[in-house]
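One structure is given below, encoded as structure tokens.
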Amino acid sequence: MENFVWHNPTKVLFGKDTVPELIKLMKADNIKNVLVLYGGKAIFKNGAYAQVIKALSENKINFTEIGGVKPNPRIDKVREAVSRIKMQAESSPNEKFDAIIPIGGGSVFDSSKAIAAGALYHGDVWDFFDGKAKVESALPIYGVLTVSATSSEVNGIAVVTNPDKEAKTSMSSDLVYPRAAAIDPSFQITLPNKQTVNGGVDIISHVLERVLDGDEGAYIMDDQGYALIRNMMRIIPDLLEEPRNYDLRAEYAWIASIAHSGFLSCGREGRGDFASHKLGHSLSLLFDVPHGASLSVMTPAWARYLYEDNPVPFARLAENVFDIFDGSDEDKAIDAIEALEDFFSSIGAPTTLRELDIDEGEIERIAENASKGGAFGKLSKLEPEDVLEIYKLAY
Ligand code: NZQ
Ligand code: ZN
Numbered sequence: 008m009e010n011f012v013w014h015n016p017t018k019v020l021f022g023k024d025t026v027p028e029l030i031k032l033m034k035a036d037n038i039k040n041v042l043v044l045y046g047g048k049a050i051f052k053n054g055a056y057a058q059v060i061k062a063l064s065e066n067k068i069n070f071t072e073i074g075g076v077k078p079n080p081r082i083d084k085v086r087e088a089v090s091r092i093k094m095q096a097e098s099s100p101n102e103k104f105d106a107i108i109p110i111g112g113g114s115v116f117d118s119s120k121a122i123a124a125g126a127l128y129h130g131d132v133w134d135f136f137d138g139k140a141k142v143e144s145a146l147p148i149y150g151v152l153t154v155s156a157t158s159s160e161v162n163g164i165a166v167v168t169n170p171d172k173e174a175k176t177s178m179s180s181d182l183v184y185p186r187a188a189a190i191d192p193s194f195q196i197t198l199p200n201k202q203t204v205n206g207g208v209d210i211i212s213h214v215l216e217r218v219l220d221g222d223e224g225a226y227i228m229d230d231q232g233y234a235l236i237r238n239m240m241r242i243i244p245d246l247l248e249e250p251r252n253y254d255l256r257a258e259y260a261w262i263a264s265i266a267h268s269g270f271l272s273c274g275r276e277g278r279g280d281f282a283s284h285k286l287g288h289s290l291s292l293l294f295d296v297p298h299g300a301s302l303s304v305m306t307p308a309w310a311r312y313l314y315e316d317n318p319v320p321f322a323r324l325a326e327n328v329f330d331i332f333d334g335s336d337e338d339k340a341i342d343a344i345e346a347l348e349d350f351f352s353s354i355g356a357p358t359t360l361r362e363l364d365i366d367e368g369e370i371e372r373i374a375e376n377a378s379k380g381g382a383f384g385k386l387s388k389l390e391p392e393d394v395l396e397i398y399k400l401a402y
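Count along the sequence shown from 1, add 7, and you get the number used in my numbering.
Quick look at the structure:
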């Protein structure tokens, strides 16, 4: 086990009717003026918006709304909200915003983190994403989660797209962990099966990025990870049959929060592999592919490219998740990769670029985009020529 620091500062309020508790917490923290941030219509249908507004009014907390955050969120929307907060601070210093409430999923939470940091920074908020600036202060975030997938509700990571720079990239800081998050799974019974699948693949991928990173020594964390994947493989098909089942939604939600909270990185050398995520981000950037779909395509291709030189982590996955015990490590590894792919297909997740309607002629452009920042990955450092081969395998 490597040395590590474990400090997750987010207070989680999990379960039914936790939104009023969240707003009471804001009141106790002396919050007076908040920016409520959301995406499209979903939060009006699932009841989250109504609960937040009611509780804010009851607690006499002023609010202003900004909607329209898109999935795969864009930097323009972040800039719009940052200017709004800065303007208010200048024109009405007594009513300046002192907190943000994201209501939604990863896209809204991620945007709120960039906004929280950008609002207290003198330069352009994209500076945090291209490494020109470090976050030194941020407004507190009190989040209401309506889609579980990314763990954004309990981590300090924000992923945002900047089309002008042809980049979908992340910033991270201890200062943008939400101060508190209400995770009420009842909001999620309205989720369409497509999102249950996309989110489910993302959750499984957050575990795979750790257990397949080649780390030797954090076995107790790997075992936690295998258990999470096994449970996701039970829960996702059941939820597709019974989307309104509260208990399944609750199990799914809590696994989602654990998977990328940082907990599974404890004791590892580095936080995980994350090459599949990087390969996927270029698909989301260039073709607006949903995050989960980008991962169900790129993870198996990445695995097929690497397993022969690195069979051990895949063989351990075979034994611990898929009950595959026969043959050499290499045999078990390829069987596990096939089993993973079969599982993705069985829940309706795409496993090839072809299924995403991406033209074969685009592969070089995608590979170039992914390799722009140099080699990446932990199990194996992927040079541009490796990256190109992986996209070809994904076709
Ligand atoms: O557009 P609206 O109407 O708001 O609908 C949303 C959105 O279209 C809908 N939705 C939300 N709650 C709902 C609902 N539909 C029905 N019922 C409800 N209760 O869900 C759609 C997708 O939302 P989004 O926030 O985009 O989904 P997700 O949570 O999967 O977030 C994906 C984003 O997070 C990033 C991804 O790259 C992607 O941009 N990630 C963030 C990470 C982090 N912060 O740590 C790590 C991840 O690996 C990931 O990269
Ligand atoms: Zn992810």
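For glycine and all other residues, C-beta sits at the position ideal for the given N, C-alpha and C.
For clarity, every value in this text was computed on a predicted model and none was experimentally measured.
Item	Value
Should I243 be listed as close to the ligand GDP, given that the test is whether its C-beta is under 6 Å from any heavy atom?	Only the ligand NZQ and the ligand ZN can be found as ligands here, which leaves the ligand GDP out of the picture.
For the ligand ZN, is there any heavy atom lying closer than 6 Å to the beta carbon of D209?	yes
Is any non-hydrogen atom of the ligand NZQ found closer than 6 Å to the C-beta of S114, if you look at the structure I gave you?	yes
Which of helix, strand or coil does DSSP assign to F383?	strand
Let me check understanding here. Comparing Cα to Cα, which of E160, K103, F104 lies closest to N15?	E160
Are the beta-carbon atoms belonging to L400 and R256 less than 7 Å from one another?	no
Less than 6 Å between the CB of S159 and some heavy atom of the ligand NZQ, yes or no?	yes
Pick out the complete beta strand (DSSP E) segments inside the segment 103 to 142, 3 residues or longer, and give them in chain order.	106 to 111
For the ligand NZQ, is there any heavy atom lying closer than 6 Å to the beta carbon of T197?	yes
Is it right to say D171 is buried, meaning 16 or more other beta carbons lie within 10 angstroms of its own, or is it exposed?	exposed
Contact between the segment 213 to 225 and the segment 304 to 321 is defined here as three or more beta-carbon pairs at a separation below 8 Å; is this criterion met?	yes
Report the rounded CA-to-CA distance for A88 versus A126, giving the unit in angstroms.	8 Å
Could you tell me whether the segment 174 to 181 touches the segment 28 to 39, using the rule of 3 or more Cβ pairs below 8 Å?	no
With a cut-off of 8 Å on the beta carbons, I'd call A189 and V26 a contact; round off their distance for me.	5 Å
Below 8 Å, how does it come out for the segment 105 to 120 and the segment 72 to 89: are there three or more Cβ pairs, yes or no?	yes
Near G22, what residues of its chain come up, given a Cβ to Cβ distance below 6 Å and the 5 sequence neighbours on each side ignored?	none
Using DSSP bridges, identify the partner residues of R81.	T168
Using a threshold of 6 Å, is the CB atom of I164 nearer than that to any non-hydrogen atom of the ligand NZQ?	yes
What is the DSSP secondary structure of G392, reduced to helix, strand or coil?	The sequence shown places Glu at residue 392, rather than the Gly named in the question. E392 falls in the helix class under three-state DSSP.
Give the DSSP-derived three-state secondary structure of S264 in the structure shown.	helix
Got a sec? Which residues, its chain only, sit under 8 Å from P244 by beta carbon, not counting five neighbours each side?	S353, I354
Terminal residues of the continuous alpha helix (DSSP H) containing N234?	It should be pointed out that residue 234 corresponds to Ala in this sequence rather than to Asn. Here the alpha helix (DSSP H) through A234 covers 226 to 248.
Roughly how far, in whole angstroms, is the beta-carbon of S303 from the beta-carbon of V208, given that I think they are within contact range, below 8 Å?	5 Å
Can the beta-carbon of A382 be found closer than 7 Å to that of E390?	yes
Roughly how many angstroms lie between the CA atoms of T17 and L152, to the nearest whole one?	13 Å
Does DSSP classify T157 as helix, strand or coil?	coil
Please confirm whether I108 and L146 have their CB atoms less than 7 Å apart.	no
Report buried or exposed for W403, applying the criterion of at least 16 other Cβ atoms within 10 angstroms of its Cβ.	The structure shown has nothing for residue 403, since the chain only spans 8 to 402.
Examine the ligand NZQ and report whether any of its heavy atoms sits within less than 6 Å of the Cβ of G46.	yes
Considering only residues of the segment 18 to 73, which uninterrupted beta strand (DSSP E) runs meet the minimum length of 3 residues and lie entirely inside it, listed in chain order?	18 to 21, 40 to 45, 69 to 73
Can you list, in chain order, the residues of its chain with a C-beta nearer than 6 Å to that of N66? Leave out the 5 residues immediately preceding and following it.	I30, K34
Whole angstroms is fine: what's the gap from D295's alpha carbon to I211's?	21 Å
Determine whether the beta carbon atoms of I68 and V41 lie at a separation below 7 Å.	yes
The ligand NZQ and F383: does any heavy atom of the ligand fall closer than 6 Å to the residue's C-beta?	no
Any idea what DSSP makes of S378, helix, strand or coil?	coil
Can the beta-carbon of N205 be found closer than 7 Å to that of P297?	yes
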